[in-house]
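Heads up, the thing below is written out as structure tokens.
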Amino acid sequence: MTQIIKDTLLLFDPISLSEMEDYKLLNRIDTKFICNIKQLPQILALASKDFRIQTSGNERIFGYESLYFDTPEMKSYYDHHQGKRIRYKVRFRKYLDTGDVFLEIKKKKNDIRTDKKRKEFEFSSTLNDQHFKFLNKHIEIPKSGFSPAIWTNFNRITLTGKNRCERITIDTGIHFKSDINTINLPFLTVIEVKFNKTEGISPFTKILKDFRISPLGISKYILGNILLDPNIKHNRFLYKINTINKICYPT
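Laid out in structure tokens, this is it:
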């Protein structure tokens with residue numbers, strides 16, 4: 001399947017990372033979708049006429065590694081579980097192909113708007129004073145502090161609209177790890193469509209609709225915690241977890 005996907009990606013015209021910087025998504029809407037990786041080659045083939053693919057050298061798929069932090073009482077997880085409209089996640093993200101590392105804050109402002117702030121640092125499994133100085137500019141640091149929670153690894157394809165200010169990320173090969181468990185999800189594909197609200201429905205969304213793939217939003221941090229520790233409270237996400245299982249492991 002990996003080789004089929006790589007071959008299909010050759011259908012896309014390339015775009016460099018520096019060119020992609022010109023695509024500013026200011027009034028952005030993000031929508032996530034889940035599908036089985038077996039559907040991906042057909043989806044990509046249909047998208048190739050309207051989208052370009054991020055490239056670096058000859059590479060069109062890039063590896064990512066993230067370490068998420070949470071409080072001892074798991075504030076980030078349970079804020080999401082309780083449906084708080086304003087919430088955040090803190091992580092280090094490493095771009096495996098370049099070695100670049102950023103400390104990032106993803107702050108949810110409402111049901112559809114996400115704001116991300118980041119600063120370049122060396123990768124670290126603990127947060128020091130310089131890290132907290134950056135975080136403090138954007139969030140109120142909990143008194144209980146932050147400690148490492150879970151690791152995520154995945155491979156990402158990034159597409160950009162040829163005629164629209166639009167970006168698509170497609171994540172495969174998703175892997176979760178904690179101190180007590182590891183989980184591999186070889187069939188799971190997470191697609192995120194990001195576009196300016198003023199531009200209307202995305203052509204990529206139309207393709208997904210033709211495949212009867214409906215929006216299903218769940219963050220990797222939430223999914224990873226539930227799969228790594230099934231005893232964690234997750235009744236709010238039970239429908240989504242069951243749906244993901246049906247998509248990835250159809251009977």
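Residue numbers (our numbering): 1 to 251.
Each residue gets a CB set at the ideal place from its N, CA and C atoms; glycine is no exception.
This one's a predicted model, so the numbers in the text were calculated from it and none came from an experiment.
(message) To the nearest angstrom, how far is the alpha carbon of residue 183 from that of residue 13?
(response) 34 Å
(message) Between which two residues does the alpha helix (DSSP H) holding residue 69 run?
(response) Note, residue 69: premise wrong, no alpha helix (DSSP H); beta strand (DSSP E) at 62 to 70.
(request) Return helix, strand or coil for residue 184, following the three-state DSSP convention. (result) strand
(request) Identify the continuous beta strand (DSSP E) that holds residue 2 and give its terminal residues. (result) Residue 2 -> not in any beta strand (DSSP E); alpha helix (DSSP H) instead, spanning 2 to 9.
(message) Please report the straight-line C-alpha distance between residue 93 and residue 102, rounded to a whole angstrom.
(response) The C-alpha of residue 102 is placed about 5 Å away from the C-alpha of residue 93.
(request) Given a cut-off of 7 Å, decide if residue 185 and residue 174 are closer than it, judged by their beta-carbon atoms. (result) yes
(request) Classify residue 154 as helix, strand or coil using the three-state DSSP reduction. (result) The answer is strand: DSSP assigns residue 154 an E or B state.
(request) With a cut-off of 8 Å on the beta carbons, I'd call residue 244 and residue 34 a contact; round off their distance for me. (result) Rounded, the Cβ-Cβ distance is 6 Å, consistent with contact.
(message) Please return the same chain residues whose Cβ sits closer than 6 Å to the Cβ of residue 221, not counting the five positions on each side in sequence.
(response) Taken in chain order, the residues that qualify are 68 and 89.
(request) Go through its chain and collect everything with a Cβ distance to residue 73's Cβ below 8 Å, but skip five positions before and after it. (result) 144
(message) Considering Cα atoms alone, identify which of 154, 210, 136 and 146 is closest to residue 42.
(response) 210
(request) Sort out for me which residues DSSP pairs residue 13 with in a bridge. (result) 52
(request) Go ahead and label residue 238 buried or exposed: buried means 16 or more other beta carbons lie within 10 angstroms of its beta carbon, across all protein chains shown. (result) exposed
(request) Could you tell me the boundaries of the beta strand (DSSP E) in which residue 205 lies? (result) Where residue 205 is concerned, there is no enclosing beta strand (DSSP E), although the alpha helix (DSSP H) it sits in stretches over 203 to 210.
(request) Find out if the Cβ-Cβ distance for the pair residue 15, residue 60 is shorter than 7 Å. (result) no
(request) Give the DSSP bridge partners of residue 168, in chain order. (result) 159 and 193
(request) Pick out whichever of 146, 168, 161 and 213 has its Cα sitting closest to the Cα of residue 75. (result) Ranking 146, 168, 161 and 213 by CA distance to the CA of residue 75 puts 146 first.
(message) Give me the residue from 10, 39 and 55 with the minimum Cα distance to residue 18.
(response) 55
(request) Kindly list the residues whose CB is nearer than 7 Å to the CB of residue 162, restricted to its own chain and excluding five residues on each side of it in sequence; keep chain order. (result) These residues qualify, in order along the chain: 50, 51 and 52.
(request) Pull up the distance between the alpha-carbon of residue 249 and that of residue 124, whole angstroms please. (result) Looking at the backbone, the Cα of residue 249 and that of residue 124 are separated by about 36 Å.
(request) Check each candidate in 148, 168 and 247 and name the one with the smallest Cα separation from residue 77. (result) Among 148, 168 and 247, the Cα nearest to that of residue 77 is on 148.
(message) For residue 170, which residues in the same chain have their Cβ closer than 6 Å to its Cβ, ignoring the five residues on either side in sequence?
(response) Taken in chain order, the residues that qualify are 157 and 191.
(request) Please report how far the alpha carbon of residue 177 lies from the alpha carbon of residue 226, in whole angstroms. (result) 12 Å
(message) Using only the alpha-carbon positions, how far apart do residue 236 and residue 70 sit?
(response) Roughly 19 Å between the two C-alpha positions.
(request) Answer yes or no: do residue 11 and residue 48 have a C-beta to C-beta separation smaller than 7 Å? (result) In terms of Cβ geometry, residue 11 and residue 48 form a close pair [threshold 7 Å].
(request) For residue 193, I'd like the list of residues in its chain whose CB is within less than 6 Å of its CB, leaving aside the five on either flank, ordered along the chain. (result) Counting only Cβ-Cβ distances below 6 Å, and skipping sequence neighbours, we find 31, 168, 202, 204 and 205.
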